[in-house]
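Residue numbers (this note's numbering): 21 to 406.
Beta carbons: idealized from backbone N, C-alpha and C, even for Gly.
Below you'll find the structure, written out as structure tokens, and then a few comments.
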Ligand code: GLN
């Protein structure tokens, strides 16, 4: 008998929608990835390292040059105090999350998650023997409420798994909300697995603050990052887990039996990018912010109710407020098959208590692609409006 957790699962909503987009030739605003190549300097650095550097196993914890660069990068951008011995290089952020859960969770433990939650969380928690306890955040504010968090914590709670900024809500949490979480972690003696892969894709002058950097979090927080998101190359799958050396050492023991290492050429290139000046990051954000504004303005003009997007590659539309009565799942089926645009139904990120009228669209695309998608979605709304 195969393991029931995976037997009961289908393909991820991202893979399913991308496959449908390929099959129908639709514009893919579903799965979140930019339709550009990523920084040329980084691709050249990786090419050089591939041809001239080592292609054998790098150290299990990651290349020293990248661990140094990541520690320095986070100290400079987010005031963290990790040294290189507090950095583990992983094969993407999802592997870092998996390794953290495997290392920190004992069967029977509960893990608090915040919905809408990234789809990998529940199966990874379950396979580690844990039980997910969800705090369901609601649009349009998606705010964390101290009482709702407290109600989700039981004597069996071992950790919180917190995605900030939050995909798919496109929300960057406030200092107040992070303080609520830090306070709960300290009072209940919990680990915090901080999935911060969107830390650099923030808009309107926002700066990211890590829950891991708050007082009381040292030794209990692991901060997870993703070079794929930082440098717009989602296929690279280079991630980081950062924290107190003892905690990272534990997580490394799980990592050594998952992927063990990550391609050295990519690690070398990422080390170079991590030390780029602030200007590069500001420009990257400004580019995505322009794309966000272009898609939002076009959709609003076509009559769609668009929710605020503070971060990530995504914005959400509110079907009900746009006069469309179909639920998000049916709507996404209709637009990909009949109108040539793929999106992601946000109800897929909830275990049951979520809204069913919100659809996520990715704006990390060229202007012409966004404009064509707006045209098509405008026509779709005309047909579907009750
Ligand atoms: N993070 C991507 C998104 O939210 C999806 C990644 C994946 O397909 N596994 O769209």
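{"Query": "Which of helix, strand or coil DSSP assigns to residue 38", "Result": "helix"}
{"Query": "heavy atom of the ligand GLN below 7 Å from residue 255 C-beta", "Result": "no"}
{"Query": "Contact test: residue 187 Cβ vs the ligand GLN heavy atom, cutoff 7 Å", "Result": "yes"}
{"Query": "At least 3 beta-carbon pairs within less than 8 Å: the region 83 to 99 vs the region 143 to 155", "Result": "no"}
{"Query": "Distance CB(residue 343)-CB(residue 405) smaller than 8 Å", "Result": "yes"}
{"Query": "Residue 224, buried or exposed, once every other Cβ within 10 Å from all chains shown has been counted against 16", "Result": "exposed"}
{"Query": "Neighbourhood of residue 407 by C-beta, 7 Å cutoff - its chain only, sequence neighbours within 5 removed", "Result": "In the structure as shown, the chain starts at 21 and stops at 406, and residue 407 therefore has no counterpart that could be examined."}
{"Query": "N-terminal and C-terminal residue of the beta strand (DSSP E) that residue 229 is part of", "Result": "Run containing residue 229: none; DSSP gives neither H nor E here."}
{"Query": "Check: residue 51 C-beta below 7 Å from any heavy atom of the ligand GLN", "Result": "yes"}
{"Query": "For residue 403, three-class secondary structure by DSSP", "Result": "helix"}
{"Query": "Continuous beta strand (DSSP E) stretch holding residue 259: start and end", "Result": "259 to 262"}
{"Query": "Helix, strand or coil at residue 365 [DSSP, three-state]", "Result": "strand"}
{"Query": "Runs of alpha helix (DSSP H) lying entirely within the region 188 to 245, each at least 4 residues, in chain order", "Result": "195 to 208"}
{"Query": "Host beta strand (DSSP E) of residue 181 (start-end)", "Result": "177 to 183"}
{"Query": "Separation of residue 207 from residue 38, as counted between CA atoms", "Result": "43 Å"}
{"Query": "Best match in 235, 200 and 115 for proximity to residue 277 [C-alpha to C-alpha]", "Result": "115"}
{"Query": "Residue closest to residue 232, alpha-carbon to alpha-carbon, out of 128, 216, 249 and 339", "Result": "216"}
{"Query": "Residue 35 beta carbon near the ligand GLN (any heavy atom closer than 7 Å)", "Result": "yes"}
{"Query": "Straight-line gap, residue 110 to residue 368 (C-alpha atoms, nearest Å)", "Result": "27 Å"}
{"Query": "Start and end residues, beta strand (DSSP E) containing residue 383", "Result": "Note, residue 383: premise wrong, no beta strand (DSSP E); not H, not E."}
{"Query": "Sub-8 Å separation of residue 134 and residue 155 beta-carbons", "Result": "yes"}
{"Query": "CA nearest to the CA of residue 253, picked from 178, 347, 183 and 290", "Result": "290"}
{"Query": "Given 8 Å, three or more beta-carbon pairs between the region 344 to 356 and the region 300 to 316", "Result": "no"}
{"Query": "Validate contact between the region 78 to 87 and the region 279 to 297 using beta carbons, cut 8 Å, 3 pairs", "Result": "yes"}
{"Query": "Rounded separation between residue 86 and residue 185 - CA only", "Result": "24 Å"}
{"Query": "Anticipated Cβ contact below 8 Å, residue 178 with residue 157, distance rounded", "Result": "Going by Cβ atoms, the distance from residue 178 to residue 157 rounds to 21 Å, so no, they are not a contact pair."}
{"Query": "Near the ligand GLN: residue 110 beta-carbon under 7 Å from a heavy atom", "Result": "no"}
{"Query": "Residue 70, enclosing alpha helix (DSSP H) - first and last residue", "Result": "60 to 72"}
{"Query": "Inter-residue spacing [alpha-carbon to alpha-carbon] between residue 127 and residue 121", "Result": "11 Å"}
{"Query": "Residue 109 - containing beta strand (DSSP E), residue span", "Result": "107 to 110"}
{"Query": "Alpha-carbon to alpha-carbon, residue 294 and residue 66", "Result": "14 Å"}
{"Query": "Residue 153 - partner residues in DSSP beta bridges", "Result": "132"}
{"Query": "Proximity to residue 370 [Cα-Cα], best of 62, 143 and 118", "Result": "143"}
{"Query": "Separation of residue 403 from residue 32, as counted between CA atoms", "Result": "29 Å"}
{"Query": "Where residue 351 sits in the DSSP three-state scheme", "Result": "helix"}
{"Query": "Residue 345 versus residue 53 - alpha carbon distance", "Result": "29 Å"}
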